[in-house]
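If you're matching them up, the sequences are chains E and A in order.
Going by our numbering, the residue at position 409 of the first sequence is 409; the numbering climbs one at a time, nothing skipped.
With the second sequence counted from 1, adding 1000 to any position gets you our numbering.
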Amino acid sequence: MKTSVIKALIVKDLKETFRDKNAVFWMIAWPLIWLVLTAYILIPPGLDQPKSMSLGLINYDVSSSFPVNGSVLVRALEEAQYKGVKLFNVKIYEDRASLIEDIKKGRIDAGIIIPENFGENLTLGQAALEVYVGAKSVQSAQINRYMLEKFIEEFSKVASEEKITWMMKFIPEEYVPLDIVERFLRGLAKPINATFIEVLPEALISREAWIGWYTIGAIGMTMLYSGLNIGSTALLEEKQKGCLRKILASPTTPSELILGKILSGILSLSVISVVIIVFGVFVCRAKIYWNPLRVEHWVVPAMFLVLASLSLGMGSILSLGVRSVRGASSLSVSLGLILAFLTGIWFPREWFPEWMRVLAYYSPATWAVDVIRYVIVFEAEPAEVAHYIIGATLTTLVVLFIGIVIYEKTLRKYLER
Amino acid sequence: MRVAVKVSELTKRFSNNIAVNRVSFDVKFGEAYGLLGPNGAGKSTLLSMIIGVIEPDEGTVEILGGEVKNPEIRSKINYCPQDPALYDNLTGLENLMFYSGLYGITGKKALERAKRLIKRVGLEGYANKPVKTYSGGMKKRLNLAAALINEPSILILDEPTTGMDPRVRREVWQLLNEIKGSDRAIIFSTHYMDEAEVLSDKVAIMDSGKIIVEGRTEDLKKRYAPKPVISIELLNSSDQHKARKVLDRYLEPGDIVVTDSSIRVYHEDPDTLLPQISLDLFKIGVRIVSVRIVKPTLEDVFLRLTGRRIEEN
Chain E
1 MKTSVIKALI VKDLKETFRD KNAVFWMIAW PLIWLVLTAY ILIPPGLDQP
51 KSMSLGLINY DVSSSFPVNG SVLVRALEEA QYKGVKLFNV KIYEDRASLI
101 EDIKKGRIDA GIIIPENFGE NLTLGQAALE VYVGAKSVQS AQINRYMLEK
151 FIEEFSKVAS EEKITWMMKF IPEEYVPLDI VERFLRGLAK PINATFIEVL
201 PEALISREAW IGWYTIGAIG MTMLYSGLNI GSTALLEEKQ KGCLRKILAS
251 PTTPSELILG KILSGILSLS VISVVIIVFG VFVCRAKIYW NPLRVEHWVV
301 PAMFLVLASL SLGMGSILSL GVRSVRGASS LSVSLGLILA FLTGIWFPRE
351 WFPEWMRVLA YYSPATWAVD VIRYVIVFEA EPAEVAHYII GATLTTLVVL
401 FIGIVIYEKT LRKYLER
Chain A
1001 MRVAVKVSEL TKRFSNNIAV NRVSFDVKFG EAYGLLGPNG AGKSTLLSMI
1051 IGVIEPDEGT VEILGGEVKN PEIRSKINYC PQDPALYDNL TGLENLMFYS
1101 GLYGITGKKA LERAKRLIKR VGLEGYANKP VKTYSGGMKK RLNLAAALIN
1151 EPSILILDEP TTGMDPRVRR EVWQLLNEIK GSDRAIIFST HYMDEAEVLS
1201 DKVAIMDSGK IIVEGRTEDL KKRYAPKPVI SIELLNSSDQ HKARKVLDRY
1251 LEPGDIVVTD SSIRVYHEDP DTLLPQISLD LFKIGVRIVS VRIVKPTLED
1301 VFLRLTGRRI EEN
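Okay, here's the thing in structure tokens:
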């Protein structure tokens, strides 16, 4: 194996690839465009913050003397917060018509009308409340309705507590032990006092971590279609340029040519990975945690290598069925994008119906991408995903071996034509 | 002179077609050996077997006393394909640096050699420009420079001037004549007889995968076309039978070769014969576009041996 030959092939291929505007678009510009669109449209800034809604209010219960009344409800709505974010931006309306008009025109998300005697009815019996929910979209209607339902449910519990306190004044002390009556009544108002604690994967809570997830997805997607393209055209391109015979008339052996082609493909894909990661981290603010001092973190470049080799190997298998560089490129890009979209590399597999997830479960490319995500986005230990590491590596070795055999056959076929 | 390349009984079949059929020849150092023949004669397949990129079905190729598969021997040969084997997005200099790397020539040595060759083929002003900006002639010259990057002892060229305009062809011939030397053997294929005559010391005429005749250009002409030639171009090829009848009166059948509207007549005394046959042809109504007396060429050798013209194929 002559290093000067391998080096010459790699340097030549890298220069050729990165001077080709079409290749640069597909290998660098395209994934970066997707990443930016995802970071600012699919995961817009503030997505990980609680949602707040604009709410119109009319309070006809202004003169109530009962402890829980319309004014208390208005104040509660104005002050409601979740994780430091005000939940309702309250706007007071004078009449029903203008409130409903603003909901219809989408100026506010919802409206509540507090009727006259709301406080009295709430204290002595059951109070009515008119709630109007805007339906700009099915999703926004669902979210707005859910937020208001939860708020009214909570407010009802507070009102029940107040009602009990108020009622206790009217029960004679000598009748039954008051603490028993009070406990019983409070139990009626709130039979279960559940405490909800949110437990989410630490790394996925933030928008930055989501962008990290998609950054790895962008690399996976680009590696798939670029690897398929490079792999399927590596020898065909040399043949079409008329250089294949000249290269093999030199001391270069077919094995050196194939190795040089595979290595230059891997290097091209590595350059793309670095560019996408740097762009993801510094432009889109992706959260990616990789520590070169931690030995186990070297599984990440190893998995990138596996992914690159796998896609190149698949490309070489594809070369069996292609006749022209242009045809091979179109086929590779289409196939690569379809695979990336359907195997959980670009879109989360949870978005797909169960039957479609099968592709993701059995895709070695997805295994490699998932290992990278687990380690540098979820900060998991590589040992936790050892089965994916082994599966992806073994499959890649098999595919690469088949690819090399095909290359050797293709080479002979090209030379004899 | 030492033998540089020895080809013995080389045969190659593709399906049912025999592309090269039991071809044998020797090329010595200091010799330029031309393979002349029409397209499809098997020249390129023969060259591909000599450079070792196609396996022969039968026969052997001995280069510098060894096998062409030997990397040490391969490092002493180079191949210049018919269409420039160049990378359009690389500059001329980068193309040469790439090919020098394939021969294990790297660093300063490679750069100096590449620059020297760029200058030699007259491309010094374009060394750092992408090849995609080169004209066809410039690409051909760079292609030739790439074939000289390892200073080969054996240079193999496949149709070195096909598709070139006459001026560039002459430039390439001049360059090839310059690089000939006692320490180098050149084998080239061509379907241009003038190219074979200008460049080759020895020529093998190929047809249908076989060498039909081989020898020094002048020897072949003396042997197969010793007489001067009267070249007649008819206006209508349909007149060839009438013309043939007239010519048969003056000449032996073997001294007349008719191909479509072109007739070549071989005669010791063309000056006397020309007025007679012109008059006779005129009398029977055969219309002539041109008639001239020319020296015999390798085309005449091929015509006498196959009855066809090289370029017609």
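Just so it is clear, CB atoms sit at the ideal spot from N, CA and C, and this is done for glycine as well.
With contact defined as three or more Cβ pairs closer than 8 Å, the stretch 1150 to 1163 of chain A and the stretch 1174 to 1190 of chain A are in contact.
Only buried fits residue 1082 of chain A, as 16 or more other CB atoms lie within 10 angstroms of its CB.
Cβ-Cβ distances below 8 Å link residue 391 of chain E to 364, 367 in the same chain, with the five nearest sequence neighbours on each side left out; the list follows chain order. For residue 83 of chain E, the CB contacts under 8 Å within the same chain, skipping 5 residues up- and downstream, are 49, 50 in chain order. At a cut-off of 8 Å, the C-beta of residue 1054 of chain A has a neighbouring C-beta in chain E. Residue 1017 of chain A sits exposed, since fewer than 16 C-beta atoms from the chains shown fall within 10 Å of its C-beta. With respect to residue 226 of chain E, residue 269 of chain E sits close: the two C-beta atoms are nearer than 8 Å. Look at residue 31 of chain E here: in three-state DSSP terms it is helix.
Within chain A, no C-beta atom comes less than 8 Å from the C-beta of residue 286 of chain E; the nearest is roughly 32 Å away.
Apart from the 5 residues on each side of it in sequence, residue 300 of chain E sits with its Cβ closer than 7 Å to the Cβ of 290, 372, 375, 376 in its chain, given in chain order. Chain order gives the chain E residues near residue 1094 of chain A as 12, 15, where near means a beta carbon separation below 8 Å.
For residue 75 of chain E, the uninterrupted alpha helix (DSSP H) segment begins and ends at 70 to 79. Non-local beta-carbon contacts of residue 264 of chain E in its own chain, meaning distances under 7 Å to residues more than five positions away in sequence, involve 9, 10, 13, 14 in chain order. A straight line joining the alpha-carbon of residue 293 of chain E with that of residue 381 of chain E spans about 14 Å.
Taking the beta carbon of residue 1090 of chain A as reference, the chain E residues within 9 Å of it are 12, 15, 16, 19, listed in sequence order. The stretch 1078 to 1093 of chain A and the stretch 1142 to 1151 of chain A touch, with no fewer than 3 CB-CB distances between them shorter than 8 Å. In the DSSP secondary-structure assignment, residue 1080 of chain A is bridged to A/1157. Under DSSP, residue 132 of chain E takes part in a beta bridge, and its partners are E/111. Cβ atoms of residue 1134 of chain A and residue 1142 of chain A come within 8 Å of each other, at about 7 Å. Within chain E, the residues whose beta carbon sits less than 7 Å from that of residue 1106 of chain A are 4, listed in sequence order. Assignment of residue 1106 of chain A by DSSP, reduced to helix, strand and coil, places it in the coil class.
Every alpha helix (DSSP H) stretch that sits fully inside the stretch 1213 to 1276 of chain A and reaches 4 residues is listed by chain position as 1217 to 1224, 1240 to 1250. Identification of chain A residues near residue 328 of chain E by a Cβ-Cβ cut-off of 9 Å yields none; the smallest Cβ-Cβ distance measures about 18 Å. Residue 170 of chain E is classed as exposed because its beta carbon has fewer than 16 other beta carbons within 10 Å across all chains shown. Nearest Cα to residue 1302 of chain A within the set A/1281, A/1261, A/1194: A/1194. At a C-beta separation below 8 Å, residue 245 of chain E has these neighbours in chain A: 1048, 1051, 1053, 1079, 1081, 1085. Between residue 1075 of chain A and chain E, the shortest Cβ-Cβ separation is below 8 Å. By the neighbour-count criterion, in which 16 or more other beta carbons inside 10 Å mark a residue as buried, residue 137 of chain E falls on the exposed side.
When only Cα atoms are considered, residue 262 of chain E and residue 89 of chain E end up about 59 Å apart. Contact annotation for residue 1101 of chain A against chain E: 4, 5, 7, 8 [CB-CB distance below 7 Å, chain order]. Taking the Cα positions, residue 150 of chain E is about 18 Å away from residue 126 of chain E. At a cut-off of 8 Å, the C-beta of residue 242 of chain E has a neighbouring C-beta in chain A.
Using a Cβ distance threshold of 8 Å, residue 1086 of chain A and residue 1129 of chain A do not count as a contacting pair. For residue 229 of chain E, the CB contacts under 6 Å within the same chain, skipping 5 residues up- and downstream, are 329, 332 in chain order.
Look at residue 415 of chain E: its C-beta is under 8 Å from a C-beta on chain A.
By DSSP's assignment, residue 1010 of chain A forms a beta bridge with A/1023.
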